[in-house]
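Residue numbers (my numbering): 1459 to 1926. Where is the CB? At the ideal position from N, CA and C, for every residue including glycine. A quick note: this is a predicted structure, and the numbers were derived from the prediction, not measured. A short worksheet on the structure shown next.
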């Protein structure tokens, strides 16, 4: 019996162990429900606020980047158009200048030739070679100037083409950067939209089990000094879970135990090969029962688009008792919630364990008493049976001795009768109606007398005759 004091009226009353256990269960469930609702509300508010802020920030940055890139594109297009117009004007001016120079040179040469013909007609033959040389020199000069003008024009064309190519390459690079930035921003927006199901960015390059173990070990020394968290390697029951969490008070009383199962799946796996969370509930509950754990928790990345499992901590005790489904980001909060709820009942568990131990001691004492009584009764019954058997054997022995006594008494009577008969036996009775024996005795008596023993013989015969 346990005594409970009312906090309002101060009245003390007692309840039995089952009633006390129900009260403790109600208090623990109420505390756990309040703590669970509070944590879930905090997580929902924090997640929604962070998501909205991240989305607004990303949209603002994307809008600013797009505006800036559009302004740069317009500026580059205007510069390219201006350079193209300038290049065309320079090209036309160079062509007109080259044509005008060629016309002027040709006119000058023609005038010089005509003057030379008029002035040196007489010296035509002498000056012909000189004129030819001069003409060749002028032609070479003209060709040289034409070549230089063509080369300069080609250089300008190459410079303009190179400038246009560089501008085009720069513009293409800017456009590529802009497209990459747009794709990156789109990916960020998609990632933010899927953030509730994809907050496990720390899982890159490591498995879900290693991630959870590392998260626990980070705060193990400060937050869980009396807890044990390790792999479940016991396969004697046929199956095993992934991890088992157990925690005790300072005096060694265990107040919470959790069986963990971690489930992950590759994102590129086929739709027909994808698993569902409900497929692992039965095995997890069986492992919890076999390993004597109080709670069962499934840490999963399966069904990333399922809003039921993306809302936070999901209670599936309607299907299996004390079972919860969480995403990896709720791993430590889940342990904290269950631990705080169980701490409230640790004292009650300690007292219950003490009472149970006392009951066990009393039960053991009663069992020992019962075993002693049973052993004593067994020994008493065995001794009683042996005593009865001994008495029965003694009675049989007495009866047998009585028979021996009767036989001895009967034999004594027979011996007495035999003795009486022996005492009553005489020669006369032996020879009565037996003439042969009487004759023999007479002969023996005569012989005895003849041998000198007549006195003795006569005495004996006289005695015999007297007896007869």
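Own chain residues within Cβ distance below 6 angstroms of residue i, not counting five before or after
i: residue 1661; result: Confidence at residue 1661 is low in this model, with a pLDDT of 44, below 50, so its placement is unreliable and no value can be given for it.
i: residue 1925; result: Any reading at residue 1925 must be qualified, since the residue scores a pLDDT of 42, below 50, and its modelled position is unreliable; the value itself is stated next. 1884.
i: residue 1675; result: none
i: residue 1911; result: Because residue 1911 sits at a pLDDT of 49, beneath the cut-off of 50, its placement in the model cannot be relied upon, and the following sentence gives the value as read from the coordinates. Excluding sequence neighbours, residue 1911 sits near nothing in its chain.
Distance CB(residue i)-CB(residue j) smaller than 8 angstroms
i: residue 1743; j: residue 1720; result: no
i: residue 1667; j: residue 1789; result: no
i: residue 1802; j: residue 1489; result: yes
i: residue 1927; j: residue 1665; result: Not covered by the structure: residue 1927. The range shown for the chain is 1459 to 1926.
i: residue 1804; j: residue 1707; result: yes
i: residue 1621; j: residue 1541; result: yes
Cut-off 7 angstroms between Cβ atoms - residues of its own chain near residue i, not counting five sequence neighbours on either side
i: residue 1433; result: In the structure as shown, the chain starts at 1459 and stops at 1926, and residue 1433 therefore has no counterpart that could be examined.
i: residue 1695; result: 1748
i: residue 1792; result: 1755, 1771, 1782, 1784
i: residue 1493; result: 1795, 1798, 1799
i: residue 1523; result: 1639
i: residue 1864; result: none
i: residue 1548; result: 1614
i: residue 1751; result: 1702, 1715, 1716, 1717
Identity of the residue in the options nearest residue i by Cα
i: residue 1539; options: 1832, 1761, 1626; result: 1626
i: residue 1738; options: 1778, 1749, 1706; result: 1778
i: residue 1689; options: 1904, 1703, 1834; result: 1703
i: residue 1735; options: 1546, 1493, 1832, 1781; result: 1781
i: residue 1476; options: 1839, 1814, 1874; result: 1814
i: residue 1512; options: 1623, 1484, 1648; result: 1648
i: residue 1610; options: 1551, 1624, 1905, 1591; result: 1551
i: residue 1555; options: 1606, 1591, 1506; result: 1606
i: residue 1536; options: 1569, 1467, 1629, 1506; result: 1629
i: residue 1544; options: 1825, 1855, 1901, 1618; result: 1618
i: residue 1504; options: 1616, 1467, 1787, 1677; result: 1787
Assumed close pair residue i, residue j - CB separation to whole angstroms, cut-off 8 angstroms
i: residue 1770; j: residue 1498; result: 5 angstroms
i: residue 1783; j: residue 1758; result: 6 angstroms
i: residue 1811; j: residue 1711; result: 6 angstroms
i: residue 1527; j: residue 1636; result: 4 angstroms
i: residue 1530; j: residue 1632; result: 6 angstroms
i: residue 1899; j: residue 1909; result: In fact, because the Cβ distance is near 16 angstroms, the residues do not count as touching under 8 angstroms.
Same chain only: Cβ atoms within 8 angstroms of residue i, ignoring 5 sequence neighbours per side
i: residue 1733; result: 1721, 1723, 1760
i: residue 1659; result: Caution applies to residue 1659, whose pLDDT of 39 falls short of 50 and renders its modelled position unreliable; the value that the coordinates give is listed next. Cβ neighbours of residue 1659 beyond the five flanking positions: none.
i: residue 1726; result: No answer about residue 1726 holds up, because its pLDDT of 49 lies below 50 and its placement is not dependable.
Self-check item: Inter-stretch contact (C-beta, 8 angstroms, three-pair minimum) for the region 1506–1526 and the region 1632–1650
Solution: yes
Quiz prompt | Three-pair Cβ contact test at 8 angstroms for the region 1673–1692 versus the region 1756–1765 | solution = no
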